[in-house]
Structure formats: C-alpha cells, structure tokens
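**Q** The sequence shown begins at 3 in the working numbering and counts up one residue at a time.
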Amino acid sequence: MKTINNFKNSSKFENNVAFKSNKLIKFLLILFLTLIPLIVIWVIFAQFNLLGLNWVVSQNGQYFISNAQIELINDKLTDPSLFLELNHNFYTWNVESHDPRVYQETVQVIPNYGIGYIFSNWMFLLIFGVLGINLIIYIPLSLFSKKIYLDIFPMFLSTWFGMTTLILTGLIPQNQPYTIPVQILAIVIVFIGTLLLFNFIFNKIIANSKWAESYYRKLILEDKESEEYYEDYLKNKKKFNNNNKTVVDIPDNENPDIKKNGEK
C-alpha cells in the first residue's frame with residue numbers, strides 16, 4: 003500500500019478540505035427541511051385538501067363546499083330529498099357526481115362547478131417558499147460548515163423536484179386505473195433524472211475549481227482503500243472456509259454421482 007501512503011503524505015494534498023457532507027446530518031437536513039414540509043403541503047393543501055381550501059383539485063378530486071354555499075343551493079331546490087347535508091361538505095369535483103337538478107342549482111352558486119381543474123397561485127408560494135428557505139440555510143452551511151458541503155445540493159434539489167412532481171400530478175384525474183401508476187412513474191423519472199443531472203453539474207463545478215486535484219486525489223485514495231479492504235475480506239473469507247472445511251465420506255453404494263452413471 004505504498005501508493006496510498008504516498009497520497010496521504012503528499013504535501014500538495016489538502017487533507018483538511020471537506021468534499022463530502024456528513025451523511026447523517028445531510029440526511030436529517032433534507033428530511034426535516036425539504037421532504038417533510040413538502041409532504042405536509044401535499045397532504046393538507048393538495049391531494050387530500052384537508053383544510054378545504056380547494057387549492058389543488060382535479061377531476062374526481064375532493065372539493066370543499068361551505069355550509070353557506072350548501073344553504074344557498076338547498077334554498078334553490080324544491081325537492082327536500084335532494085338537499086345537500088350540512089357539515090358533510092366534501093364533494094367530488096365532477097359534473098356527473100350529483101343529480102342534474104342539484105348540479106343546475108350548484109352552478110348558480112359556484113360558477114363552473116366541476117369543470118376543468120383548480121390550481122391556486124398560493125401553491126407556488128408554498129412550494130417555492132420551501133425551496134427558498136432551504137437555499138437560505140444550505141448555502142451558508144456549504145460555505146462555512148465543516149459538516150456540510152456542496153454535495154448536499156444534488157440530493158436536496160432532486161428531493162424538491164420529486165415532491166413538486168408529486169404535488170403537480172395531483173392534477174391528474176383521480177380514481178382512474180392509470181392515476182397512481184402515472185404518478186409513481188413521473189416521480190421516479192424526475193427524481194432520478196434530476197439527481198443524475200445535478201450530480202453531473204456538481205462534478206463539473208468541482209473539476210473546474212481550485213480544489214479539483216484534491217477532490218480527485220481523495221476519490222482515488224478511497225477507491226484504493228476500498229480495494230484493500232475487499233482483498234482483506236476475500237483472504238479472511240478463504241482462510242475461514244479452509245479452517246472450517248469438513249470432509250464427509252460417502253459409501254460408493256450411496257454416492258448419487260456413481261448411481262447416476264449406472265455403477266453399482
């Protein structure tokens with residue numbers, strides 16, 4: 003391992019330069035600052051519309067109608083059996099989901115009810131707000147922290163793009179056979195595609211920076227050390243197998259190989 007020692011002892015090699023973020027800290031930052039906030043946005047404001055704000059609604063999606071709107075609709079209906087129930091305010095955003103008579107009165111209260119999709123500009127504020135807050139935190143950390151470096155950005159940005167795709171695919175008509183497969187496929191393609199792209203960009207930035215030589219020397223060192231560990235593993239495995247090898251004598255009349263060849 004003289005080559006490795008030469009790398010370690012090289013005067014030109016900057017051992018104090020950090021190129022890889024601490025894995026645990028990197029994971030926790032992306033989890034709590036990027037992934038969880040976007041999941042909360044997806045659950046509360048988009049896919050399930052839990053607050054009833056109707057910011058992201060697709061065909062067959064959940065649409066919230068207020069009690070005041072329900073009362074106005076019921077006032078217009080002449081048949082009590084058609085009355086919409088108060089305090090049960092979530093309805094399917096679909097023109098075919100109600101009796102035609104109910105729909106006729108509903109569109110008088112809610113114009114264009116059940117037509118097209120809804121995507122509020124407030125969603126852009128939430129989604130890009132998470133991006134902005136993350137950048138405000140990650141940029142200083144990557145510049146001044148000894149635990150976080152530029153390599154956090156490919157995974158962070160890929161996570162953000164993947165979750166943003168999940169939110170946007172909420173506009174696909176719901177409860178269709180293709181809805182979930184299309185959502186999963188879109189998220190996987192976007193996440194992997196952006197991860198490869200940003201890793202490529204990251205490597206280009208490093209390659210053209212003043213730290214390029216140090217960075218690639220460290221990669222070579224890690225590769226050679228991993229080879230050494232793997233070789234040690236193989237040697238120890240072989241030694242272990244030799245020490246624990248047992249020989250079992252099988253009588254000729256019970257040997258399956260002999261029987262197979264027709265010998266007795």
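Each residue gets a CB set at the ideal place from its N, CA and C atoms; glycine is no exception.
Everything numeric in this text was worked out from a predicted model, so none of it was measured.
Compute the beta-carbon to beta-carbon distance between TYR140 and PHE155, rounded to the nearest angstrom, for a pair I have assumed lies under 8 Å.
**A** For the purposes of this step, residue 140 is taken as the residue at position 138 of the sequence shown. For the purposes of this step, residue 155 is taken as the residue at position 153 of the sequence shown. Contact flag correct, Cβ pair sits at about 7 Å.
**Q** When the Cβ atoms of the segment 142-156 are set against those of the segment 194-204, are three or more pairs found closer than 8 Å?
**A** Yes, they touch.
**Q** Using DSSP's beta-bridge definition, name the partner residues of GLN64.
**A** Position 62 of the sequence shown, counted from the start, is the residue given in the question as residue 64. THR94.
**Q** Who are the near neighbours of LEU37 in its chain, counting only those whose CB is closer than 8 Å to its CB and skipping five residues on each side?
**A** As a first step, residue 37 is located in the sequence shown; it is residue number 35 there, counting from the start. Cβ within range, chain order: THR161 and MET165.
**Q** Taking buried to mean at least 16 other C-beta atoms within 10 Å of its own C-beta, is GLU107 buried or exposed?
**A** If you number the sequence shown from 1, residue 107 lands on position 105. Buried is the call here.
**Q** Could you have a look at ILE222 and say whether DSSP puts it in helix, strand or coil?
**A** Within the sequence shown, numbered from 1, the residue matching residue 222 stands at position 220. Note: ILE222 maps to helix in three-state DSSP.
**Q** Can you find the residues in the same chain that come closer than 6 Å, C-beta to C-beta, to LYS149, ignoring five residues on each side of it along the sequence?
**A** The sequence position of residue 149 within the sequence shown is 147, counting from 1. The answer, listed in chain order, is ASN24 and ILE27.
**Q** Alpha carbons only, please: which of LEU168, ILE194 and GLN176 is nearest the one belonging to VAL45?
**A** Working through the sequence shown from its first residue, we reach residue 45 at position 43. VAL45 has its Cα closest to that of LEU168, out of LEU168, ILE194 and GLN176.
**Q** Quick one: grab the DSSP three-state call for PHE85.
**A** Taking the sequence shown and counting its residues from 1, one reaches residue 85 at position 83. Coil, per DSSP.
**Q** Any idea what DSSP makes of PHE121, helix, strand or coil?
**A** Numbered from its first residue, the sequence shown carries residue 121 at position 119. Here PHE121 sits in strand by DSSP.
**Q** Just to confirm the assignment, what range does the alpha helix (DSSP H) spanning THR181 have?
**A** Against the sequence shown, residue 181 aligns to sequence position 179. Note, THR181: alpha helix (DSSP H), 181-209.
**Q** Give me the Cβ distance between PRO175 and GLN61, rounded to the nearest whole Å; I'm assuming they're in contact under 8 Å.
**A** Here residue 175 refers to the residue found at position 173 when the sequence shown is read from its first residue. Here residue 61 refers to the residue found at position 59 when the sequence shown is read from its first residue. About 4 Å separates the two Cβ atoms, so the contact holds.
**Q** When we look at the beta-carbon of PRO39 and count the other beta-carbons within 10 Å, is it buried (16 or more) or exposed?
**A** Taking the first residue of the sequence shown as position 1, residue 39 is located at position 37. It is buried - the Cβ of PRO39 has at least 16 other Cβ atoms within 10 Å.
**Q** Just to confirm the assignment, what range does the alpha helix (DSSP H) spanning LEU74 have?
**A** For the purposes of this step, residue 74 is taken as residue 72 along the sequence shown, with counting starting at 1. 69-78 is the extent of the alpha helix (DSSP H) around LEU74.
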